[in-house]
Each structure stands twice: as structure tokens, then as C-alpha cells.
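In our numbering, the protein residues as written are 11 to 124.
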């Protein structure tokens, strides 16, 4: 993580928050579909994940794109709260300090060392 990225998602403006949520939701949906959300459950986020997951299950017959749009629209606040608790910092541009894949790999490596 670079020193320039110091903002939490809640410190971004609305437009950048939405961009960040959409990016994260795409990453999250891949993990959800692979049944690989255990790492996130180590954070105090289970209530947000439960709501997001319930809605993703309801949309399982949609296309990937439709499901993503539907999930972001329906679960926006849950995604925002989830991201806020995952220790991800953002640049003023709204880009995350680490890509979500890098974030996952870094936190997985830390967990495996403990």
C-alpha cells in the first residue's frame, strides 16, 4: 500500500464511492461464485455479507452483468459498509491503494503466516 492512498471509502465523494463499490462488487461476486469468502469473514462484516449474499442468491439466474448491476443497486449500502471495514485505502482519484486481487493475496498471506 502506498503512502499517497490515505482515504477511506467513506471519505470519497458520491461518484467515486459508486465507482469503488462497482469495482469491489465485481471482485466480490467472483469470490461468492467460487464459495471463497472466508477471508472476509475474519472481519466484523458478517451482517453486510449475509445481506449481499442473500440477494446474489436471488439473482443466480441473471447474466453476470445483470446480476452485478442488480446487486450493486440493491446492496449498495452493505457494500459500502463492508468495504469500509476491510482496511482498504483509496487515492483521491477513487482508485484503491491495492487492486482487490492484490488485497486478497496480501491478507491471505498474512493469515497463513499466523
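All C-beta atoms in this analysis are idealised placements derived from N, C-alpha and C, irrespective of residue type, glycine included.
All of these numbers come straight from a predicted model, not from anything done at the bench.
Residues near residue i by beta carbon distance below 6 Å, same chain, minus five either side
i           : result
residue 29  : 104
residue 37  : 110
residue 112 : none
residue 88  : 58, 61 and 62
Cβ-based neighbour list, residue i, same chain, cut-off 7 Å, excluding 5 preceding and 5 following
i          : result
residue 11 : In this prediction, residue 11 has a pLDDT of 46, which is less than 50 and means its spatial position is unreliable; what the coordinates show is noted afterwards. Counting only Cβ-Cβ distances below 7 Å, and skipping sequence neighbours, we find 99, 107 and 108.
residue 42 : 63 and 66
residue 25 : none
residue 27 : 19 and 90
residue 47 : 41 and 59
residue 78 : 35, 36 and 39
Presumed contact (8 Å Cβ cut-off) between residue i and residue j, rounded CB distance
i           : j          : result
residue 121 : residue 53 : Going by Cβ atoms, the distance from residue 121 to residue 53 rounds to 11 Å, so no, they are not a contact pair.
residue 114 : residue 68 : 25 Å between Cβ atoms; not a contact.
residue 31  : residue 71 : About 23 Å; that fails the 8 Å criterion.
Boundaries (first-last residue) of the alpha helix (DSSP H) holding residue i
i          : result
residue 41 : 24–43
Residues of its chain near residue i, where Cβ-Cβ distance is below 8 Å and the 5 sequence neighbours each way are ignored
i          : result
residue 17 : 99, 100, 101 and 102
residue 51 : 59
Given 8 Å, three or more beta-carbon pairs between the segment 51–65 and the segment 105–114: no
Residue ranges of each alpha helix (DSSP H) within the segment 52–111, 4 or longer: 56–68 and 74–94
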